[in-house]
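Peer 1: Mind having a look at this structure? Questions to follow.
In the numbering used here, the protein residues as written are 1 to 284.
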């Protein structure tokens with residue numbers, strides 16, 4: 001029977017001797033929720049967590065793309081598209097994009113994520129040459145002015161290759177190497193950090209009655225398999241971020257379950273990226 005281990009995050013300064021940090025940070029844990037599919041969860045002590053899982057949960061995350069992860073970091077989202085749900089059409093010229101990039105950095109963003117294909121629910125695919133034309137000049141212009149790390153938000157290896165050549169530091173694939181498996185080889189060849197996200201289905205149809213046996217464990221298992229695929233391609237965990245994909249093929253209830261149990265994903269041993277901005281998620 002497979003068990004999953006979710007550390008219970010604590011921030012109380014009265015920290016027990018046996019407590020361990022979560023991802024080397026300022027939260028700690030001395031207990032975990034042991035979860036099984038179809039069974040009841042059980043609260044256990046830290047001594048009952050397998051040693052390999054305990055190490056993955058507690059080990060400090062290695063810096064990537066010039067960022068350390070001893071504290072939470074902010075990603076500024078910059079869509080150079082006509083149809084993204086939050087900023088579509090507002091920054092789709094190089095000059096407007098550069099101005100917004102400067103504004104995001106001024107507001108505290110640690111990394112900029114540039115996207116040329118909307119992945120909102122119902123969005124159509126964008127031809128890769130059009131996506132390159134939207135993103136590469138913008139990335140080059142921003143790189144000439146700003147030293148902050150830049151991430152390219154794309155599912156396509158050709159777009160990622162052009163973005164890296166223009167000055168991007170990292171790849172953010174919302175399909176987790178599903179849409180274009182060649183993106184794994186490209187990422188490895190460039191020694192690039194990558195974020196692997198979970199999404200059920202393509203953007204066009206992902207919100208058409210999404211269904212899971214167990215959304216928390218299904219997403220966890222998907223990301224674990226994506227990490228294995230990345231490892232086989234030559235990408236170590238130290239260059240991988242994971243994203244549970246809030247709003248990507250998920251109902252409100254699915255999203256809330258993932259948010260309530262987010263610390264489970266630390267057991268995968270990677271940096272966690274969480275994208276919830278401007279999404280319809282209400283804490284009730």
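Note that beta-carbon positions come from the ideal geometry of N, C-alpha and C, so glycine has one too.
Enumerate in chain order the residues of its own chain whose CB-to-CB distance from residue 284 is below 6 Å, with the five nearest sequence positions on each side excluded.
Peer 2: Residue placement at residue 284 cannot be trusted, given a pLDDT of 36 that sits under 50; what the coordinates show is reported in the next sentence. Within the same chain, residue 284 has no close Cβ partners at all.
Peer 1: If you reduce the DSSP assignment to three classes, tell me which class residue 32 lands in.
Peer 2: strand
Peer 1: Count the other C-beta atoms from every protein chain shown that fall within 10 angstroms of the C-beta of residue 181, then say buried if there are 16 or more, exposed otherwise.
Peer 2: Exposed, because fewer than 16 other Cβ atoms sit within 10 Å of the Cβ of residue 181.
Peer 1: Need the endpoints of the alpha helix (DSSP H) that residue 220 sits in, please.
Peer 2: 215-233
Peer 1: DSSP three-state call for residue 282: helix, strand or coil?
Peer 2: Note that residue 282 scores 43 on pLDDT, short of 50, meaning its location in the model is unreliable; the coordinates nonetheless yield the value given after this. It is coil, neither helix nor strand.
Peer 1: Closer than 6 Å by C-beta to residue 245: which residues in its own chain qualify, once you throw out the five before and the five after it? Chain order, please.
Peer 2: 197, 198 and 199
Peer 1: In the structure shown, what three-state DSSP assignment does residue 6 receive?
Peer 2: strand
Peer 1: Work out the CA separation of residue 117 and residue 137 for me, nearest whole Å.
Peer 2: 15 Å
Peer 1: With 16 other CB atoms within 10 Å as the buried threshold, where does residue 193 fall?
Peer 2: buried
Peer 1: Quick check on this structure: which residue in 109, 52 and 81 has the alpha carbon closest to the alpha carbon of residue 119?
Peer 2: 81
Peer 1: Who are the near neighbours of residue 226 in its chain, counting only those whose CB is closer than 7 Å to its CB and skipping five residues on each side?
Peer 2: Around residue 226: 176, 177 and 196.
Peer 1: Express the C-alpha separation of residue 9 and residue 78 in angstroms, rounding to a whole number.
Peer 2: If you take the alpha carbons of residue 78 and residue 9, they lie about 31 Å apart.
Peer 1: Could you compute how far the alpha carbon of residue 158 sits from the alpha carbon of residue 32?
Peer 2: 42 Å
Peer 1: Please classify residue 211 as buried or exposed, where buried requires at least 16 neighbouring CB atoms within 10 angstroms.
Peer 2: exposed
Peer 1: What distance in whole Å lies between the Cβ atoms of residue 184 and residue 133, which are believed to be in contact at a cut-off of 8 Å?
Peer 2: Between residue 184 and residue 133 the Cβ distance is about 24 Å, and since that is not below 8 Å, they are no contact.
Peer 1: What are the residues that DSSP puts in a beta bridge with residue 113?
Peer 2: The partner list for residue 113 (beta bridge, DSSP) reads 77 and 151.
Peer 1: Out of 27, 100 and 23, state which residue places its alpha-carbon closest to the alpha-carbon of residue 15.
Peer 2: The candidate whose alpha carbon is nearest that of residue 15 is 27.
Peer 1: Express the C-alpha separation of residue 164 and residue 45 in angstroms, rounding to a whole number.
Peer 2: 45 Å
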